[in-house]
Each structure stands twice: as C-alpha cells, then as structure tokens.
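The C-terminal position of the sequence shown is numbered 198 in this note's numbering, with every residue numbered one higher than the one before it.
Here's the structure, in structure tokens; my notes come after.
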Amino acid sequence: MTTKPGKTRKSAGYHHGDLKRALVDAGRRVLEEQGADKLSLRGVARAAGVSQAAPYHHFADKDALLAAIATQGFAGLAAEMAARSQHATTSSEHMAGLGEGYIVFAFRNPELFRLMHGPRFEVGERYTDLLTVASESYGMLRDGVAACLPGAGDADIDSACKAAWSLVHGASMLLVDGRIDVGRTLGDVVAFANDMTRQLPVSL
C-alpha cells in the first residue's frame, strides 16, 4: 500500500529533530511579517510545515509561544551588544558598543523588539526563563556604566544606568516606529547609533 504524499510530509514534520526550535523560528518569521496580534498557532504551524496540533506539544497557548520567541530575542540582543562592544579599549568605547548593539538589534528586528518590551509578559511568574534571559542585557549595561563611574555608589550607578537605558531604548523605539528618519541602510543606523551614544551621560 502506497503512503499518500501529504501524510509523509506530516509525519516528517512531527518527528524532525527539534520541533520546538522550528516552531520558535517560524513564529519569529511570522511575527516580523504580521505582528504579534495577527500571529496564531495555526499560522505558525503552517509556516513550520507541521500539523495544526503540533504546537500544542510544546506551547499551551499563543502567549507561551510568544514568550519563547521573546526569550530568543533577548538572547540575540545580548549577543549583538556583546559583539559590538568586545573590541573596545576604553570604558566609553565599550558603552558606545553596547548602545550601538541595542539600536542595531531593534532596527533589524522591529516587531520582535516591540514584543520583547511590550506589556504582554507582565505576569512574571509565568515567564521565569524570559525574565532571566532579559536581565542579561540589562546587567551588561549596568556593568558598563559602573566601569565608566569608578568609585560611584550603587544609587549613582543605578541613576546613570536608567538614563543611559532611556536614551538608547528611546532612540530604538523612535527608529522602530518610524518617528525619525535616519536612513535605510545598516550603515545609516550605525552612524545614528554612534551619534546617540555620544550623548550617553556616562561617557568619559
């Protein structure tokens, strides 16, 4: 008896190596194309090439999938910040690299960036993995600020960190929302990021 092609594809979808990762990756693509409000588990399953029931093996609902996507996003944000600051030779250059990485990540992943910083995940006890990964990028920023302010107390470091974060996050949101025109290429965005990071209140 010959197996129908449709069933073969469906079975392959169920049993490939990492279904959860495939769904998160597909969900991220759908998110950037349609936004979080229009994303559905059915649409993500279709994009991943699996059955409509497959997402429920790993995600209780749409918010659980979005939380996994946001967790992947925060890991990517930290990686971008680290990559763009790793060759700095001074504390101020390091801070500039962190800020550049933050703004570039937002430019490259606008809908993901909105999701990561939106109100959807305010119930913290449901998303402990997300909150743990999200704290990494903030910790990098705080360490960078502290290095620029040797001898400063915790209160001063916290204030400077909030000011620095407000600047780069505000610039990122204005860019993502199309409220400012900085050009359309990555080079344009990097130049914009450099202009912004020169305004950081902890630059030396």
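For glycine and all other residues, C-beta sits at the position ideal for the given N, C-alpha and C.
Quick caveat, the model's predicted, so the values are computed rather than measured.
query: Any chance the segment 45 to 54 sits against the segment 13 to 28, with 3 or more Cβ pairs inside 8 Å?; result: yes
query: Alpha carbon to alpha carbon, how far is glutamate 105 from alanine 140? Give it in angstroms, no decimals.; result: 31 Å
query: DSSP state of valine 44, grouped into three classes?; result: coil
query: Name the residue from Gly133, Gly172, Ser166 whose alpha carbon lies nearest to the alpha carbon of cysteine 155.; result: Gly133
query: Just verifying my parser: in three-state terms, what is the DSSP assignment at serine 79?; result: helix
query: So, with DSSP's three-state summary, where would you put phenylalanine 115?; result: coil
query: Quick test of your reading: leucine 60 and tyrosine 96, contact by CB under 8 Å. State the CB separation rounded to the nearest angstrom.; result: In fact, because the Cβ distance is near 21 Å, the residues do not count as touching under 8 Å.
query: Could you spell out where the alpha helix (DSSP H) holding lysine 14 opens and where it closes?; result: 13 to 28
query: Between Ile174, Ala100, Cys142, Asn103, which lies nearest to alanine 90 when the distance is taken from Cα to Cα?; result: Cys142
query: How should alanine 187 be labelled, buried or exposed, when 16 other C-beta atoms within 10 angstroms of its C-beta is the threshold for buried?; result: buried
query: To test your reading of the DSSP string, which unbroken alpha helix (DSSP H) runs of 4 or more residues are found completely within the segment 109 to 153?; result: 122 to 142
query: Starting from the Cα of isoleucine 63, find the closest Cα among Leu33, Val162, Gly138, Ile174 and give me that residue.; result: Leu33
query: Using DSSP with H/G/I as helix, E/B as strand and the rest coil, what is arginine 102?; result: helix
query: Can you have a look at tyrosine 42 and say buried or exposed, based on whether 16 or more other CB atoms are within 10 angstroms of its CB?; result: The displayed chain sequence assigns alanine, not tyrosine, to residue 42. Buried.
query: Alpha carbon to alpha carbon, how far is arginine 136 from proline 49?; result: 37 Å
query: What is the DSSP secondary structure of glycine 164, counted as helix, strand or coil?; result: helix
query: What's the C-alpha gap between leucine 194 and serine 160?; result: 10 Å
query: Helix, strand or coil: which one does DSSP assign to glutamine 193?; result: coil
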